[in-house]
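A short write-up of the structure that comes next.
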Amino acid sequence: MPQLEIVNLKASYGGQTVLEDINMAVEKGETISLIGPSGSGKSTLLRVLTGLLPPISGHIVLDGKKIDYNNKAQVQELRRHMAIVFQQYNLFQNMSVMKNVTIAPIKIRGRPKKEVMEYATQLLERVGLADKHDAYPDELSGGQKQRVAIARALALRPDIILLDEVTAALDPELVNEVLDVVRLMASQGMTMFIVSHEMAFVREVSAKVVFMAGGHVVEVGTPEQIFDRPTQQRTKDFVGKILRH
Amino acid sequence: MLETLLNEIPRFFTYYNIVFLLKALFATFLLSALGCIIGSVLGFLIAVGRNTTSRILMPLRAALIIYTEMFRRIPFLVTLMLAFFVFQALNWDLPMFSVALVTVCVIGTAFIAEIVRSGFESVHDNQWDAAYAMNFSYLQTLRYVVVPQAWKVILPPVFSFFILFIKDTALASQIGVLELTYAGKVMNNKGFSATLVFGTILVLYFSLSYPLAKFGQRLEKKLAPARNR
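Residue numbers (the numbering used here), protein chains in the order written: chain P, 6 to 250; chain X, -17 to 211.
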């Protein structure tokens, strides 16, 4: 049984259909990358999956349980299993790094404060920010902020983590520090959805690559299939353009 | 001119007159303070209500929008008359002070609701996204994330509104509430020179608004995070 199944998801934004016929199955521990041109619906798909943009129709099945996005309780249940990291980090500006990482587990999940703090300390160490507990988001570089955001997502102990172009807003020299952290997570068997334009990275970490265009899934396959032997013309065009430079 | 003024002073600052002026000062203070406090509490609640998104609360939002937009647009004096005649039509025999108090609360609420709402709006949408994705409820997001960031945007206009508001309570004199402006008119009619009377009234108004402005400045400094100072 797949850990997560996406069934006929359709979403629109401002009256325009931005996702249609999205079907996918994800096994536990798999890393899935979504690639495609801008506006193809990759980031939208992640927003829909976390319930930030409720779909018009379709649903998902998480660990065999159907999740209806119109049902608030079911969406809350879903969010106990799924965490998202945003392109713009979305750190809480009024909170220190430590508070950012610990507030949801403590205040929202009601986990014991001591345990959460210990785990947060470990996580911050793992992402290389052990000395930044008391810093505020304004005082950090983009790469540091993004690593805090990843630690914040991990502190929720999610089963599935969604990474929305986590390196897109970073200076080139900061990209690797974030990708290293993502590599680490992939190696530890976390189920991940990655939206990324870092093709070399996608190729390296993904079990499966999904090529999207115009709000549809065009082609799904292993990285070798998608990058070396694409079958669809649109995939060929996209991969050709990307690999040429 | 100066001489007549100096001659007037002993007659003006008699025990009776001072008590009269202090009473009026107290009335102005009470109208302003209650208007500000009740207005802040209710205005905050209205902003919280207006910011909701659920479909069920649509009628509530509509009512709140109508309320704020209406009372921010009607002149103070008209609202005062409105309250006056509504209570009269209802046959409620309220003292004039209470009519004025209801009016200042109605107006204060509307203005502060709008200031708080725009303060909430100054907080970036991505803060809401992050909070919702981690299962924060609407009120939890407000409490932990949005309000702490919105304060520094809300406070300066709120305090400048408070200060305008102290002056606006002068209109209560129009329905015969004994507050500072009304007291000034009374003293003026008793034959004291306008310079002396309204000079005194001016000082008394200043004595209310200056500490308030100072307090506002201190609060802003205290609430603004250290790095933004």
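From the three backbone atoms N, C-alpha and C, an ideal C-beta is built for every residue, glycine too.
In the DSSP assignment, Q21 of chain P forms a beta bridge with P:Y18.
Taking 8 Å as the threshold, the shortest C-beta distance from T49 of chain P to chain X does not fall below it.
Within chain X, D111, Y114 and A115 have C-beta atoms less than 9 Å from the C-beta of T55 of chain P, given in sequence order. Think of a sphere of 7 Å around the beta carbon of P130 of chain X: the chain P residues whose beta carbon falls inside it are N99, in chain order.
Taking E96 of chain X as the centre and dropping the five residues before and after it, the same chain places the C-beta of T50 and R54 closer than 7 Å to its C-beta, in chain order.
The stretch 142 to 160 of chain X makes no contact with the stretch 214 to 229 of chain P; the number of CB pairs closer than 8 Å stays below 3.
Look at G41 of chain P here: in three-state DSSP terms it is coil, with no helix or strand label.
In the displayed model, A92 of chain X falls within a helix according to three-state DSSP. Straight-line spacing of the CA atoms in Q92 of chain P and V153 of chain P works out to 13 Å. Put simply, of P:Q21, P:L39, P:D176 and P:P228 the residue whose alpha carbon is nearest the alpha carbon of N28 of chain P is P:L39.
As summarised for the stretch 196 to 236 of chain P, the continuous alpha helix (DSSP H) elements at least 4 residues long and confined to that stretch are 204 to 210 and 228 to 233, given in chain order. For K241 of chain P, same chain residues with a beta-carbon under 8 Å away, outside a window of 5 residues either side, are P235 in chain order. F91 of chain P belongs to the set of residues whose beta carbon lies under 8 Å from a beta carbon in chain X. Taking 7 Å as the cut-off between beta carbons, the residues of the stretch 100 to 119 of chain P near chain X are I108, A109, K112 and I113, in sequence order. By DSSP's assignment, H64 of chain P forms a beta bridge with P:V12.
In the same chain as D73 of chain P, and ignoring 5 residues on each side of it, the C-beta atoms closer than 6 Å to its own belong to H64 and Q79, in chain order.
CA-CA distance, S101 of chain P to P142 of chain P, rounds to 7 Å.
Closest option to V129 of chain X, judged by alpha-carbon separation, among P:Q98, P:G56 and P:V210: P:Q98. Here Y(-3) of chain X is exposed, its C-beta having fewer than 16 other C-beta atoms within 10 Å. The beta carbon of L(-16) of chain X lies closer than 6 Å to none in the same chain, with the five residues before and after it left out. With a threshold of 16 other beta carbon atoms within 10 Å, P193 of chain X falls short and is exposed. Within the stretch 129 to 164 of chain P, the runs of alpha helix (DSSP H) at least 4 residues long that lie entirely inside it are, in chain order, 147 to 160. Around L161 of chain P, the beta-carbon contacts reaching into chain X at under 7 Å are M116.
With contact defined as three or more Cβ pairs closer than 8 Å, the stretch 74 to 83 of chain X and the stretch 157 to 176 of chain X are in contact. Among the residues of the stretch 120 to 146 of chain X, those with a Cβ less than 8 Å away from any Cβ of chain P are Q122, Y126, V127, P130 and Q131, in the order of the chain. In the assembly as shown, I231 of chain P is a buried residue. Its beta-carbon has 16 or more other beta-carbons within 10 Å.
The three-state secondary structure of V159 of chain X, taken from DSSP, is coil.
Judged by pairs of C-beta atoms under 8 Å, the stretch 182 to 198 of chain X does not touch the stretch 29 to 40 of chain X, as fewer than three such pairs exist. Contact check for G41 of chain P and F243 of chain P: beta-carbon distance about 7 Å, within the 8 Å limit, so the pair qualifies. Contact annotation for N108 of chain X against chain P: F91, Q93 and N95 [CB-CB distance below 7 Å, chain order]. By the 16-neighbour rule on beta-carbons within 10 angstroms, P117 of chain P is exposed. The C-beta of L128 of chain P has 16 or more other C-beta atoms within 10 Å across all chains shown, which makes the residue buried. In the DSSP annotation of this structure, the continuous segment of the beta strand (DSSP E) that includes K70 of chain P starts and ends at K70 to I72.
For a Cβ distance threshold of 8 Å, nothing in chain X lies close to Q21 of chain P: the least Cβ distance comes to about 19 Å. N171 of chain X carries a helical assignment under DSSP once its states are collapsed to helix, strand and coil.
When C-alpha distances from T196 of chain P are compared across P:I37, P:Q238 and P:R157, the shortest belongs to P:I37.
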